[in-house]
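Worksheet: the structure to be examined is printed underneath.
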Amino acid sequence: MPRAVLFVHGDSDGVVSGSLALQVFRNKRYDDIRIVFTHPAGLASDLAEFADPGDTVFIADIALSEAHLGEIEALFREYSSRGELIYIDHHPEPLGLKPGDLRGIIVHDLSASASELTYKFFREQLGWEYSRVALYGAIGDYLDTTPWVINTLKDWDKRTIYFEAGVLTQGLEGSRRMYDFKRHIVYHLSQNKLPSGLSELLVRALIESVNDEELRQWVSKNIKTMKNLGYVIDPPGSLGKAAIYARTYSRKPVGVAIQRHKSTYNISIRAAKGIDLNRLLRRISPRLGGTGGGHPEAAGARIPVHKIWDFLRQLDDELSMTVMVKA
Ligand SMILES: [Mn+2]
Numbered sequence: 003m004p005r006a007v008l009f010v011h012g013d014s015d016g017v018v019s020g021s022l023a024l025q026v027f028r029n030k031r032y033d034d035i036r037i038v039f040t041h042p043a044g045l046a047s048d049l050a051e052f053a054d055p056g057d058t059v060f061i062a063d064i065a066l067s068e069a070h071l072g073e074i075e076a077l078f079r080e081y082s083s084r085g086e087l088i089y090i091d092h093h094p095e096p097l098g099l100k101p102g103d104l105r106g107i108i109v110h111d112l113s114a115s116a117s118e119l120t121y122k123f124f125r126e127q128l129g130w131e132y133s134r135v136a137l138y139g140a141i142g143d144y145l146d147t148t149p150w151v152i153n154t155l156k157d158w159d160k161r162t163i164y165f166e167a168g169v170l171t172q173g174l175e176g177s178r179r180m181y182d183f184k185r186h187i188v189y190h191l192s193q194n195k196l197p198s199g200l201s202e203l204l205v206r207a208l209i210e211s212v213n214d215e216e217l218r219q220w221v222s223k224n225i226k227t228m229k230n231l232g233y234v235i236d237p238p239g240s241l242g243k244a245a246i247y248a249r250t251y252s253r254k255p256v257g258v259a260i261q262r263h264k265s266t267y268n269i270s271i272r273a274a275k276g277i278d279l280n281r282l283l284r285r286i287s288p289r290l291g292g293t294g295g296g297h298p299e300a301a302g303a304r305i306p307v308h309k310i311w312d313f314l315r316q317l318d319d320e321l322s323m324t325v326m327v328k329a
């Protein structure tokens, strides 16, 4: 049997997608299944490093980055001609490429989480009880109002599902860069075991909730504002959550959380409905030597340290136009 290599994002949506694929591949009796956590900027190099032509390659919840499109196209062509390649994603497409034009089995749908898409893709092999695992991932990505999620929640007690999804998302947020532990979670979920049944995950979720409360209070005291956005620099905790609170406490349409990592700033951004952060960031970030994109209301960027003020000013200015057009 050939080898299977799973490339997934390290958040709850990616971890769940990986666990569903793992269960299916294990039943197909692959004796060697590898799990690699990656991200858009690292996908091309990780594919080349961790998979060989002839392997079965599964990729989920990883956006395609403009910077590596040529390499990704070539790798998809090679892996899908020598073995099987499945790519499942729900992020907006990059400028200049339709994901459907890539070689391989491509599932690309902006309206649902990668977990929901992966579950539907493997539904026959998984059976309906795995729907609850997919629900954890959908809730983790805030994509819990799709028709499938609303209907499927009725098959379960939804309070219990939200509790388990909370344990998973909070526990994973408290396990950043702990890739062996995340791999362990993928194995645990692939057997349809409860997130709360993994005591280390449960404890990490509790600690994360205590930290989140401190983070919320820190943001309320350290928030800075511009015309259309509120921002915080180096918040003591999750960037995504800091961005949510930056928006809430600034009472502006957009919240930005910025954290220095070596010579770049990692930036997480949240916006009110009607703003398309993905489009703005895919335009602004490359001009400043960075990368950026994501979903319309939740996105991120990596910007060189010396360009951070240009970035905030340009984002604020472009938002003025968007907000004006809306008004
Ligand atoms: Mn996702």
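Residue numbering for the sequence shown is 3 to 329, as defined by the working numbering.
Glycine included, every Cβ here is placed at the ideal spot set by N, Cα and C.
Relative to ligand 1, the beta carbon of histidine 92 is positioned inside 7 Å of a heavy atom.
Per DSSP, phenylalanine 9 is one residue of the beta strand (DSSP E) stretching across 6-10. About 20 Å separates the beta carbon of valine 205 from that of serine 21, a gap too long to meet the 8 Å contact definition.
With 16 or more other Cβ atoms from the protein chains shown falling within 10 Å of its own Cβ, alanine 301 counts as buried. Minimum Cα-Cα distance from valine 256 among the listed residues Gly239, Tyr267, Tyr233 and Asn268 corresponds to Tyr233. In this structure, serine 115 has its beta carbon less than 7 Å from a heavy atom of ligand 1. In this structure, the straight-line span from the alpha carbon of serine 115 to that of histidine 11 is close to 12 Å.
Counting along the chain, valine 307 sits inside no alpha helix (DSSP H), nor does DSSP assign it H or E at all. The criterion of a C-beta distance shorter than 8 Å is not satisfied by serine 133 and tyrosine 144. By the CB criterion at 8 Å, leucine 279 and proline 298 fall inside the cutoff. The C-alpha of arginine 218 lies about 10 Å from the C-alpha of asparagine 224.
The closest CA to that of valine 17, considering only Gly295, His190 and Phe165, is found on His190. In the three-state reduction of the DSSP assignment, isoleucine 141 falls in the helix class. Relative to the non-hydrogen atoms of ligand 1, the Cβ of aspartate 15 comes within a distance shorter than 7 Å of at least one. Secondary structure note for isoleucine 107: its beta strand (DSSP E) is the uninterrupted segment 107-110. Assigned with DSSP and collapsed to three states, glycine 257 falls in strand. Annotated as proximal: leucine 317 and leucine 231, with beta-carbon spacing under 8 Å. Partner residues in the beta bridge of tyrosine 233, as assigned by DSSP, are Lys226 and Val258.
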